[in-house]
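This note's numbering numbers the first residue of the first sequence as 1 and each following residue consecutively. Note that the Cβ used here is the ideal one computed from N, Cα and C, for glycine as well.
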Amino acid sequence: MLDRDLIRRHPDTVRHGIARKRLDVSIVDQFLAADEQWRATLLELERAQAESNRISKNIGKLMAEGKRDEAEAAKAETRDLKARIAELEAESRTHEDALRQIELDMPNLPHDSVPDGDADTIFQVVREGGHLRQFDFTPAAHWDLAERLHLVDFARGAKIAGSGFPVYVGAGARLLRAVITFMVNFQTERGYQEVFPPYLVNRASLVGTGQLPKFEEDLYASTDDLFLIPTAEVPITNLYRDEILDADALPIRLCGYSACFRREAGAAGKDTRGLQRLHQFDKVEMVKFATPETSYAELETMTDDAVAVLEALQLPYRVIEICANDIGAKGSKQYDVEVYSPAMEKWLEVSSCSNFEAYQSRRANIRYRPEPGAKPEFVHILNGSALGIPRVYSTILETFQRADGTIEVPAVLQPYFGGGHLGG
RNA sequence: GGAGAGAUCGCAUAGUGGUCUAGUGCGCCGCACUCGAAAUGCGGUGUGGGGCAACUCACCGUGGGUUCGAAUCCCACUCUCUCCGCCA
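Dropping the structure here:
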């Protein structure tokens, strides 16, 4: 959601930003029209309510003075007014709902620092690190390694749940837990407070972070109007929904592990081999609540925090800045962190770090008080993966495989895994 | 799952149909007193919307209803607490 006053006063600024994202700018005019209608109706409604309040208050006074006849006369007077108010209330609500719907669909604007893209350019590489390993044998793909060493049972996962629900077994399960614990501890030591959230959330939470109302078909729904979380971003960000935060507490830096559930509707068949794209997967997520003054600096350090995990694991990576035409609707600025798969010979996204500015905080109503006694302002909210685990996991298998078929466990994971290698 | 109690302006409480545009205490802010502090006194102190000034509307867990008028009465729901049952 954007600031209503910004859209009213500077519609061209909003149109320009939406155009940079290559999204439909006509939503601005839809907003302005709906807003006009709503405000006109509201004005009329409030006039009628003020009149009604005045009369009712007077009736009370007349009753107290014992002037029953005059009171009865006043009651009769309000009959038409009452009907009119009911009418206007309904009308106003209709207009407000329409406005709200448009507002929830309105994308965020890209930050000035975000480069424009074009049909061929959707990102810029801003940083690279590590060395691509040179193999003196042909590296096997992670799904072959996983099967050969009995780390992941894809077939039985498909049997008990469906494709995209891998079962990690034996040393494979142990390695998964090692990676999760390593990542959470790693970020906790870098100043994030750990959160272990619920895996189901209500509708209001998903509206708060922007998954609803637009993307309901991407979510697994449960009974009781609860949904399985597609990312820990949802529960963690919504921890402070409808709250006013203490300015002294900012920035708040949280991280948490969760399983993530995505229907991936429409993505079937594309890059789904092995652990690349799953319906259930594990991820450690970072969420920050910051003042507008510091949010862009926080985005840089958050991205560094994601990168640091790969450095610790000694995996080659690159950081790309997403151009305006490919940033998600919610974000103002976005960096993706990618890791290199030597067997598939391509870069895999393992983190996406975004500053949403006040887009989510307006939806979720999360504010802070800049000064004691000052009016509350919306906080800036950021999030990023630290990291998406299956692609890191698969890259570890591929990158650290040896000619004899075993796999070396990265040094930082060994204390968690309790051993130096897989297989053999 | 069953029975009961509760949800009021940061906290605690009052309020059971008409100056409640919600009282009081604590906390907080300002001022006075003081060398300073404490104590004391006085004043102020919620959120959101529209106008963006005067002003006005809404909000007493949420949503409906009754009424000229609802924090107050009725219905449904949510959450919290107590007890019982069940259970990892």
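Give the straight-line distance between the Cα atoms of residue i and residue j, rounded to the nearest whole angstrom.
{"i": "Gly274", "j": "Leu310", "result": "21 Å"}
{"i": "Asp224", "j": "Gly420", "result": "46 Å"}
{"i": "Glu233", "j": "Ser351", "result": "13 Å"}
{"i": "Leu200", "j": "Gln280", "result": "13 Å"}
{"i": "Glu217", "j": "Ile102", "result": "19 Å"}
{"i": "Arg369", "j": "Phe378", "result": "9 Å"}
{"i": "Asn355", "j": "Thr399", "result": "31 Å"}
{"i": "Phe464", "j": "Thr188", "result": "The question about residue 464 has no answer, for the chain in this structure spans 1 to 424."}
{"i": "Ile428", "j": "Tyr340", "result": "Nothing can be reported for residue 428, as the shown portion of the chain is limited to 1 through 424."}
{"i": "Lys375", "j": "Glu96", "result": "24 Å"}
{"i": "Pro390", "j": "Gly191", "result": "24 Å"}
{"i": "Ser222", "j": "Ile229", "result": "11 Å"}
{"i": "Ala386", "j": "Ala297", "result": "18 Å"}
{"i": "Asp282", "j": "Tyr168", "result": "12 Å"}
{"i": "Leu45", "j": "Asn53", "result": "12 Å"}
{"i": "Ser394", "j": "Leu250", "result": "36 Å"}
{"i": "Glu408", "j": "Phe227", "result": "38 Å"}
{"i": "Ala90", "j": "Thr78", "result": "18 Å"}
{"i": "Leu23", "j": "Leu348", "result": "26 Å"}
{"i": "Ala158", "j": "Val152", "result": "12 Å"}
{"i": "Lys75", "j": "Thr41", "result": "25 Å"}
{"i": "Pro410", "j": "Ile252", "result": "31 Å"}
{"i": "Ile160", "j": "Leu278", "result": "15 Å"}
{"i": "Ser482", "j": "Asp69", "result": "The structure shown does not extend to residue 482, since the chain is modelled only from 1 through 424, so no value can be given for it."}
{"i": "Asp12", "j": "Ile27", "result": "12 Å"}
Could you please give the first and the last residue of the uninterrupted alpha helix (DSSP H) stretch that includes residue i?
{"i": "His16", "result": "11–20"}
{"i": "Ser92", "result": "68–105"}
{"i": "Lys57", "result": "26–64"}
{"i": "Tyr416", "result": "414–417"}
Sort the options by Cα distance to residue i and report the nearest one.
{"i": "Ala50", "options": "Lys82, Ala308, Arg68, Leu62", "result": "Lys82"}
{"i": "Gly331", "options": "Glu36, Gly157, His95, Gln211", "result": "Gln211"}
{"i": "Arg241", "options": "Ala358, Cys323, Pro197, Ser205", "result": "Ser205"}
{"i": "Phe165", "options": "Ala343, Gln276, Ala324, Leu413", "result": "Gln276"}
{"i": "Ser361", "options": "Thr209, Val339, Leu250, Asp248", "result": "Thr209"}
{"i": "Asn365", "options": "Val207, Glu147, Pro197, Leu42", "result": "Val207"}
{"i": "Thr303", "options": "Arg84, Lys159, Val126, Leu99", "result": "Val126"}
{"i": "Asp100", "options": "Asp3, Ile122, Val152", "result": "Residue 100 is actually Arg in this sequence, not Asp. Comparing Cα-Cα distances from Arg100 to each of Asp3, Ile122, Val152, the minimum goes to Asp3."}
{"i": "Lys214", "options": "Asp105, His95, Leu348", "result": "Asp105"}
{"i": "Leu32", "options": "Leu23, Leu45, Leu6", "result": "Leu6"}
{"i": "Ala48", "options": "Leu250, Ile160, Ser92, Glu36", "result": "Ser92"}
{"i": "Pro107", "options": "Asn325, Asp118, Thr41", "result": "Asn325"}
{"i": "Pro197", "options": "Pro316, Val284, Leu109, Trp143", "result": "Val284"}
{"i": "Glu147", "options": "Leu413, Val412, Gly405, Thr231", "result": "Gly405"}
{"i": "Met1", "options": "Ala74, Leu109, Trp347", "result": "Leu109"}
{"i": "Ala312", "options": "His111, Asp24, Met183, Glu338", "result": "Met183"}
{"i": "Gln124", "options": "Asp12, Ile407, Gln334", "result": "Gln334"}
{"i": "Asp118", "options": "Lys21, Ala90, Arg133, Asn58", "result": "Lys21"}
{"i": "Met344", "options": "Glu87, Cys260, Glu408, His142", "result": "His142"}
{"i": "Tyr257", "options": "Glu293, Gln193, Pro115", "result": "Gln193"}
{"i": "Gln134", "options": "Leu315, Val412, Val14, Ala98", "result": "Leu315"}
{"i": "Asp248", "options": "Trp38, Val25, Arg263, Arg367", "result": "Arg367"}
{"i": "His111", "options": "Ile18, Ile236, Cys255", "result": "Ile18"}
{"i": "Glu357", "options": "Thr301, Thr294, Asp29, Glu338", "result": "Thr294"}
{"i": "Thr181", "options": "Cys255, Ile244, Ser163", "result": "Cys255"}
{"i": "Glu122", "options": "Gly130, Asp336, Trp38", "result": "Strictly speaking, residue 122 in this sequence is Ile, with Glu absent from that position. Per the Cα distances, Asp336."}
{"i": "Leu88", "options": "Trp38, Ser113, Gly66", "result": "Trp38"}
If you follow the beta strand (DSSP E) that residue i is part of, which residue opens it and which one closes it?
{"i": "Asn383", "result": "380–388"}
{"i": "Gly214", "result": "According to the sequence provided, residue 214 is Lys. The question's Gly does not apply to it. Premise fails: Lys214 is in no beta strand (DSSP E) and is neither H nor E."}
{"i": "Val287", "result": "280–290"}
{"i": "Arg367", "result": "366–369"}
**OP:** For the stretch 378–396 and the stretch 272–291, state whether three or more C-beta atom pairs, one from each stretch, are separated by less than 8 Å.
**Re:** Of all C-beta pairs linking the stretch 378–396 to the stretch 272–291, three or more are shorter than 8 Å, placing the two stretches in contact.
**OP:** Note down, one range per segment and in chain order, each beta strand (DSSP E) of at least 3 residues found wholly within the stretch 121–203.
**Re:** If you keep only unbroken beta strand (DSSP E) runs of at least 3 residues inside the stretch 121–203, you get 123–129, 200–202.
Original post:
Is it true that the stretch 409–419 meets the stretch 169–178, where meeting means three or more beta-carbon pairs spaced less than 8 Å apart?
Top reply: The answer is yes - the stretch 169–178 touches the stretch 409–419, with three or more Cβ pairs under 8 Å.
**OP:** Let me know the beta strand (DSSP E) ranges lying completely inside the stretch 301–359, each 3 residues or longer, listed in chain order.
**Re:** Runs of beta strand (DSSP E) with 3 or more residues, each lying fully within the stretch 301–359, are found at 317–322, 333–341, 346–355, listed in chain order.
Subject >> Every unbroken beta strand (DSSP E) within the stretch 217–274, with a cutoff of 3 residues, ordered by chain >> reply: The stretch 217–274 contains these whole beta strand (DSSP E) runs: 226–228, 243–246, 252–261.
**OP:** Specify whether the stretch 70–86 and the stretch 7–15 touch according to this definition: at least 3 beta carbon pairs, one from each stretch, less than 8 Å apart.
**Re:** At 8 Å Cβ cutoff, the stretches do not touch.
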